[in-house]
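Residue numbers (our numbering): 1006 to 1236.
All C-beta atoms, glycine included, are put in the ideal place defined by N, C-alpha and C.
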Amino acid sequence: MTTPVGRLVAERPGRSEVFERFGIDYCCQGRTPLGEACSARGLDEDAVMLALAEADAQPVSPDEPDYGSMTTAQLIDHIVQVHHGFLWQELAPLSVLAHRVAAAHKDAHPELTKLAQAYDFLREDIEAHMKKEEEMLFPALRELSSGRTLPHFFQGDLHVPLLVLEGDHERVEQSLRFFRTTTGGYVAPADACEAWRALLVRLHRMERDLHRHVHLENEILHQRARELTRR
Ligand SMILES: [Fe+2]
Ligand SMILES: [Fe+2]
């Protein structure tokens, strides 16, 4: 199938669960055709298609927003309230937990120190990134979508700012891949204490939330921004 994986999720958000399960990146690599994404991971495309068909047969949850029918302002509100809200709340306490777990187990598990350091890198990176979105891109898109012009400092064009933000998203994805490899797919080893298990559960939840978040921005919001500036 040649449909890009990001578009498949934009059409039916429930399909993201299938891609999570098969380890297919539908956010930063969202423009990759499904067939190509499957062969890159050594997956049987028919098995993935079957799982997608099963996901499509499930009734759409009433809690699942219909992103396509949202206005740009509503989509931004959703991203800020749901995804940025989650990160602003979770990033700092999870750092404390990552360092506490690393300090307790560093002798037997030195990889936990690397994990805590990588987490701090992600945190710093994503906090700066969200500020750029909340203070610059999102207000500019609200202006544009209500028929006004871009603030002066964009010089009439969003092409470069969008590429910069998408580059930030790729770095976030690299950090998430490092977390996944370092934790063996967020699986707790037999000697893991409760705090370590909680860290893995919360990191895994952050991974899934970030995938949704980046997908909404790359595939839906940024595409709308490009259309708005082409007018
Ligand atoms: Fe964001
Ligand atoms: Fe973003």
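Just verifying my parser: in three-state terms, what is the DSSP assignment at residue i?
i, result
"P1098", "helix"
"P1038", "strand"
"P1115", "coil"
"P1166", "helix"
"P1009", "strand"
"S1151", "coil"
"E1059", "helix"
Expressed to the nearest angstrom, what Euclidean distance is found between the alpha-carbon atoms of residue i and residue j?
i, j, result
"L1092", "D1082", "15 Å"
"R1210", "G1152", "37 Å"
"R1229", "H1110", "47 Å"
"P1009", "T1037", "5 Å"
"Y1072", "M1006", "24 Å"
"H1220", "Q1086", "16 Å"
"E1132", "L1170", "12 Å"
"E1175", "A1113", "32 Å"
"D1049", "G1090", "37 Å"
Between the Cα of residue i and the Cα atoms of the options, which residue gives the shortest distance?
i, options, result
"L1127", "P1038, Q1079, A1097", "A1097"
"T1077", "I1029, C1033, F1143", "F1143"
"Y1124", "E1140, E1178, R1046", "E1178"
"H1218", "E1050, H1088, T1187", "H1088"
"G1040", "C1033, C1032, A1052", "A1052"
"P1166", "E1224, C1033, E1138, R1046", "E1138"
Please decide whether residue i counts as near chain D, where near means a Cβ-Cβ distance under 7 Å.
i, result
"M1141", "Going by chain labels, chain D is absent from the structure shown, which holds only one protein chain."
TODO: Could you tell me whether the stretch 1099 to 1114 touches the stretch 1161 to 1176, using the rule of 3 or more Cβ pairs below 8 Å?
DONE: no
If we count Cβ pairs, one from each stretch, closer than 8 Å, do we get three or more for the stretch 1186 to 1198 versus the stretch 1137 to 1153? As far as the Cβ criterion goes, the stretch 1186 to 1198 does not touch the stretch 1137 to 1153, which means the pair count is below three.
Can you confirm whether the stretch 1016 to 1035 touches the stretch 1052 to 1067 when touching is taken to mean that 3 or more C-beta pairs between the two stretches lie within less than 8 Å? yes
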